[in-house]
Structure formats: structure tokens, C-alpha cells
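> Going by this note's numbering, the sequence shown opens with residue 90, and the numbers climb by one from there. Ideal placement from N, C-alpha and C gives every residue a C-beta, glycine not left out. Attaching a single structure in C-alpha cells format; questions to follow.
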Amino acid sequence: MQIPTTQTVALVRELGGKVEFKTDYPVPVPGKREVLAKILYTGVCQSDLHTKSGTAASANGTPITQIKLPHVGGHEGVGRIVALGPDCGLGIKVGQLVGIRFGSRVCRRCEFCLAGTEQYCLNSTNHLHHEDGSFQEYIALDADYLTQLPDDVNPAEIGPVLCAGLTAYKVSIISLFLHGLTNFQAVLNTQIKPGNWLVVVGAGGGLGHLAVQYAKAHGAQVIGVDAGASKREFVLRMGATEFIDFTTTDPVARVHEITGLGAHAVVVTAGSAGAFAHACEMLRVGGTLSCVGIPAGRPALQTPICTIVIKGLRITGNLVGSLKECMEAVELVRRGIVKPEIKVRNFQELPAVYEEMEKGDISGRIVLKIAQE
Ligand SMILES: [Zn+2]
Ligand SMILES: [Zn+2]
90 MQIPTTQTVA LVRELGGKVE FKTDYPVPVP GKREVLAKIL YTGVCQSDLH TKSGTAASAN
150 GTPITQIKLP HVGGHEGVGR IVALGPDCGL GIKVGQLVGI RFGSRVCRRC EFCLAGTEQY
210 CLNSTNHLHH EDGSFQEYIA LDADYLTQLP DDVNPAEIGP VLCAGLTAYK VSIISLFLHG
270 LTNFQAVLNT QIKPGNWLVV VGAGGGLGHL AVQYAKAHGA QVIGVDAGAS KREFVLRMGA
330 TEFIDFTTTD PVARVHEITG LGAHAVVVTA GSAGAFAHAC EMLRVGGTLS CVGIPAGRPA
390 LQTPICTIVI KGLRITGNLV GSLKECMEAV ELVRRGIVKP EIKVRNFQEL PAVYEEMEKG
450 DISGRIVLKI AQE
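Shown next as C-alpha cells:
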């Protein structure tokens with residue numbers, strides 16, 4: 090196969106600046122223990138939008154400003170290996186389907202890598218802040234930290250699983266597992282006590298609609314919270330038992346009406362501070378709040394400490410997941426148990442997609458078609 094020396098990329102020259110399409114950007118040459126992949130599809134994640142706008146929050150709430158410029162976003166990519174650099178080792182072949190995820194390289198030596206939670210690696214790099222991501226036609230990937238996808242998946246559908254889906258998979262498992270440690274073995278055997286109530290705030294979004302499905306797959310009854318009639322239809326179609334339109338109904342009161350004692354777990358995928366403020370009030374005794382969306386700045390939960398103590402609540406945060414957890418999330422999609430709702434658009438429509446995301450009226454995930462096979 091002929092590999093060109095230049096390619097089209099969606100470039101952002103300065104944070105807060107526009108997306109421009111550059112057609113003579115160099116195609117990377119795979120180095121030692123690297124593969125070159127041709128990118129077929131990529132999802133567009135909220136954090137791509139926040140990063141290019143310069144509003145992505147760091148752990149202390151200040152904006153992340155140390156970002157490689159010019160910036161090429163995209164971390165829900167699916168591509169095919171077209172060339173191998175030296176020493177890639179066994180089991181990696183030209184033609185294989187691979188994922189382009191948030192994490193690009195990890196050290197394998199730090200405490201977090203050794204614990205199998207390499208998304209927190211102290212020496213990691215990622216496709217958002219350090220390396221060009223999947224908004225380009227060709228990418229060089231670390232062969233030793235490669236997301237090797239099964240052959241029998243739809244490449245258009247898998248991209249959103251690599252960030253949104255992985256996070257959704259992980260939070261649904263964790264929140265359900267945390268409801269009583271006795272459930273731990275049950276979760277490992279995927280035999281969660283059926284009927285546990287899990288609320289997904291932002292259920293119609295890219296991450297939310299996958300959280301609804303993963304939670305259902307683990308036996309939970311899901312209450313979706315979002316806004317508007319089309320989101321209602323969509324979220325119920327994804328398998329939620331109940332839907333609450335927060336623009337017309339108070340979600341806290343309604344969750345208690347539905348569940349009696351309150352929800353076993355609440356997952357907030359929305360990126361607005363308001364969605365988090367009273368989320369704990371939906372929980373029953375021993376319930377778990379899983380924070381997933383990252384609102385800009387430093388908004389805080391408005392939960393009284395007495396409530397946390399007396400109701401024995403757990404509050405957890407979730408930043409994507411490990412490669413192993415990613416493969417588990419992909420497997421449930423491969424088996425048809427979870428199905429990402431995608432709309433495929435052309436690569437050049439990325440600026441329009443960002444505008445739609447800012448308005449927040451997208452159901453499911455938009456996927457860009459990048460290069461022809
Ligand atoms: Zn993401
Ligand atoms: Zn590490």
C-alpha cells in the first residue's frame with residue numbers, strides 16, 4: 090500500500106481559536122516499536138471541545154494550558170494498521186483494526202501502572218494534550234500500548250466506546266459494586282442484584298446513553314434525567330425504565346417517588362455545575378454518587394456533610410479506565426448487548442459539530458468519517 094507523505098488534519102493554532110483544515114500536514118513515520126494507522130472514524134468528545142476552547146479544567150480547577158500547539162484533537166478514533174516500525178513484536182499485523190484512545194503512552198513502572206490503573210500513570214502522555222489525536226488521516230501509535238480491536242466490529246460504532254463507553258462501563262460497574270460490599274463477588278460474576286436503581290444525569294448524551302445501556306446490562310433499573318421530548322423518546326429507547334425531564338420536573342422529588350428510598354447510585358455525566366449540585370439528594374442510605382462530567386472552573390457539590398455521614402454516602406470520581414477495562418467495554422458492544430447511537434458526518438463538518446455540542450442538543454454521539462478504507 091502506498092502511504093502518502095502529507096495528509097489532511099483538523100488543526101487549532103491557538104486555544105480558543107478556530108479549527109482549520111490543513112492538507113499538507115506531514116504523515117508521521119512510525120519509529121521503533123510504533124505502528125502507523127490510517128484513521129477511518131472518530132467520535133467527537135466534550136473534552137475535545139473544552140481542550141480546543143482552552144476551558145478544560147485541571148485537578149485543581151485551573152484551565153489546562155500546557156497543550157501541544159498547534160493542536161490536533163480526537164481520542165475516540167478507529168483505524169487500520171498500514172505500516173509497522175522496527176521491533177513491533179509478535180501479534181501485531183498490517184490490516185488490524187486499532188483504537189486511538191485518550192492515553193497514548195504509559196510508563197508501566199509507576200504505582201498506578203503496576204496497579205492496573207494506568208490511566209493515572211505519573212509519566213503518561215495522551216492524545217489530547219501531548220500528541221496529535223484522531224482528527225487526522227494517519228497516526229503513529231505505541232505498539233506496546235496498542236488498543237487492538239476485534240475484527241468483527243463496526244469501525245464506525247466503536248470509536249465512542251473508547252472514551253465515553255469505557256467511562257460509562259466503568260461507572261456503572263463501580264457504582265453498582267459500591268452499593269454494599271456483599272455485591273462485590275456478584276459484580277465480578279456480572280450477577281448484580283437485579284432491580285437496583287441507578288440514575289444517569291445527562292442520559293441522552295454521548296456518555297449518558299452508553300451508561301444507560303451498560304447499567305442495564307449489569308441488571309440495574311435506570312432512571313434517565315435529561316431535557317426535552319426527543320431526549321425522552323431516545324433515553325427510553327436505550328432501555329431506561331423511567332425518564333425525568335429536569336426542565337419541567339424536580340429530579341430529586343421524582344427519584345424518591347419512583348424508588349421509595351432513593352437511588353442506589355447516581356452517575357452525573359453532564360458537564361454543568363447545576364447537574365451536580367443536588368445529585369446526592371437522590372441517593373438512598375449507602376448510595377454512591379459517581380462524578381464523570383467535568384464542569385469548567387471550580388464548582389462544588391452542595392451536599393451537607395451531615396447528609397454524607399448520616400446516610401453513609403460514597404462520592405467517587407471517574408477518569409476513563411484502563412486498557413483492559415476498555416476491551417471489556419468493547420466486548421459488550423461486539424456481542425450486541427450495548428449499541429452506541431451514532432450519526433456519521435464528514436470530517437470537514439467538525440466545526441459545525443462543535444457548535445451543536447455547545448448547544449447541547451445532540452442525542453448519542455457524532456462520529457466523523459476520516460479516511461476511505
Ligand atoms: Zn473523551
Ligand atoms: Zn506509569
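Which of the three DSSP states is assigned to A146 in this structure?
Locating residue 146 in the sequence shown gives position 57, counting from the first residue. Of the three classes helix, strand and coil, the one that applies to A146 here is strand, per DSSP.
> Based on Cα-Cα distance, which residue from L421, A300, A366 lies nearest to P340?
If you number the sequence shown from 1, residue 340 lands on position 251. Among L421, A300, A366, the Cα nearest to that of P340 is on A366.
> Go ahead and label E103 buried or exposed: buried means 16 or more other beta carbons lie within 10 angstroms of its beta carbon, across all protein chains shown.
In the sequence shown, residue 103 corresponds to position 14, counting from 1. With fewer than 16 Cβ atoms within 10 Å of its Cβ, E103 is classed as exposed.
> Which same chain residues, not among the five before or five after K41, have their C-beta less than 6 Å away from its C-beta?
Beyond the ends of the chain as shown, which are 90 and 462, falls residue 41; an answer cannot be given.
> In whole angstroms, what is the alpha-carbon distance linking L173 and S193?
Taking the sequence shown and counting its residues from 1, one reaches residue 173 at position 84. Taking the sequence shown and counting its residues from 1, one reaches residue 193 at position 104. Going by the C-alpha atoms only, they are around 17 Å apart.
> Where do the ends of the beta strand (DSSP E) carrying V118 lie?
Taking the sequence shown and counting its residues from 1, one reaches residue 118 at position 29. Looking at the DSSP string, V118 is not in any beta strand (DSSP E), and its letter there is neither H nor E.
> Do the CB positions of F191 and H219 come within less than 8 Å of each other?
Residue mapping note: residue 191 aligns to position 102 of the sequence shown, counting from 1. Residue mapping note: residue 219 aligns to position 130 of the sequence shown, counting from 1. Result no, Cβ atoms of F191 and H219 do not sit closer than 8 Å.
> Might you give, ordered along the chain, the residues of its own chain that have their beta carbon closer than 6 Å to the beta carbon of T271, omitting 5 neighbours on each side?
Start at 1 with the first residue of the sequence shown, and residue 271 comes out as number 182. Confidence in T271 is poor, its pLDDT being 36 and thus under 50, which makes the residue's placement too unreliable to answer from.
> Here's the rule I'm using: 16 or more other beta-carbon atoms within 10 Å means buried, otherwise exposed. How should N285 be labelled?
As a first step, residue 285 is located in the sequence shown; it is residue number 196 there, counting from the start. Buried.
> Does the separation of the CB atoms of V289 and G313 fall below 8 Å?
To locate residue 289, count along the sequence shown from 1; it is residue 200. To locate residue 313, count along the sequence shown from 1; it is residue 224. Taking 8 Å as the Cβ cut-off, V289 and G313 qualify as a contacting pair.
> Taking the alpha-carbon positions, what's the D393 to M371 distance?
Sequence index remark: in the sequence shown, residue 393 carries index 304 (1-based). Sequence index remark: in the sequence shown, residue 371 carries index 282 (1-based). The sequence shown places Pro at residue 393, not Asp. Using only the alpha carbons, I get a separation of about 13 Å.
> Taking all protein chains shown into account, decide if N215 is buried (16 or more other Cβ within 10 angstroms of its Cβ) or exposed.
Counting from one through the sequence shown, the residue named residue 215 turns up at place 126. It counts as buried.
> CB Q208 to CB V409, shorter than 8 Å?
Walking along the sequence shown from the start, residue 208 turns up at place 119. Walking along the sequence shown from the start, residue 409 turns up at place 320. For Q208 and V409, yes; Cβs fall inside 8 Å.
> Pull the bridge partners of C380 from the DSSP assignment, please.
On the sequence shown, residue 380 is found 291 positions in, with the first residue counted as 1. In the DSSP output, where bridge partners are listed per residue, C380 has V357, G406.
> What does a CB cutoff of less than 7 Å around G269 pick up in its chain, not counting 5 residues either side in sequence?
The residue given as residue 269 occupies position 180 in the sequence shown. Any reading at G269 needs caution, since the residue's pLDDT is 45, under 50, leaving its predicted position unreliable; the model's value is listed next. Here the set comprises G375.
> Leaving aside the five residues before and after Q437 along the sequence, list all residues of the same chain whose C-beta is less than 7 Å from its C-beta, in chain order.
Your numbering for residue 437 matches position 348 in the sequence shown. Hits under 7 Å: F110.
> Quickly, what does DSSP pair L173 with across the bridge? List them, please.
Counting from 1 along the sequence shown, the entry for residue 173 is found at position 84. DSSP lists V124 as partners of L173.
> If you drop the 5 nearest sequence neighbours on each side, which residues of the same chain put their C-beta closer than 7 Å to that of K259?
As a first step, residue 259 must be located in the sequence shown, where it is residue number 170. Counting only Cβ-Cβ distances below 7 Å, and skipping sequence neighbours, we find N407, G410, E414.
> Below 8 Å on the Cβ atoms is my contact criterion, and I expect G168 with A253 to pass it. Report the Cβ-Cβ distance as a whole number of Å.
Counting from 1 along the sequence shown, the entry for residue 168 is found at position 79. Counting from 1 along the sequence shown, the entry for residue 253 is found at position 164. Rounded, the Cβ-Cβ distance is 18 Å, inconsistent with contact.
> Considering only their Cβ atoms, is the gap separating A126 from I228 smaller than 8 Å?
Within the sequence shown, the letter at position 139 stands for residue 228. Within the sequence shown, the letter at position 37 stands for residue 126. The answer is yes: Cβ separation under 8 Å.
> Just list the alpha helix (DSSP H) runs in the stretch 291-324, keeping only unbroken ones of 4 residues or longer that don't cross its boundaries, in chain order.
As far as the stretch 291-324 is concerned, its whole alpha helix (DSSP H) runs of at least 4 residues are 295-306.
> What does the shell around ligand 1 hold, if a residue joins when its beta-carbon is under 5 Å from any heavy atom?
Spelled out in chain order, the answer is C134, S136, C252.
> Check whether the Cβ of R197 sits closer than 7 Å to any heavy atom of ligand 2, and report yes or no.
In the sequence shown, the residue the question calls residue 197 occupies position 108. It does: the Cβ of R197 is within 7 Å (strictly closer) of some heavy atom of ligand 2.
> Do V183 and V98 have their C-beta atoms within less than 8 Å of each other?
Here residue 183 refers to the residue found at position 94 when the sequence shown is read from its first residue. Here residue 98 refers to the residue found at position 9 when the sequence shown is read from its first residue. No, the pair does not count as a contact, with Cβ atoms beyond the cut-off.
> Could you check whether the stretch 350-364 touches the stretch 297-313, counting it as contact only if at least three pairs of C-beta atoms, one from each stretch, sit closer than 8 Å?
Result yes; three or more Cβ-Cβ pairs closer than 8 Å.
> Along the chain, where does the alpha helix (DSSP H) that runs through K413 open and close?
Here the question's residue 413 lines up with position 324 in the sequence shown. Segment 412-423, the alpha helix (DSSP H) holding K413.
> According to DSSP, simplified to helix, strand and coil, what is L439?
Within the sequence shown, the letter at position 350 stands for residue 439. Correct three-state label for L439: helix.
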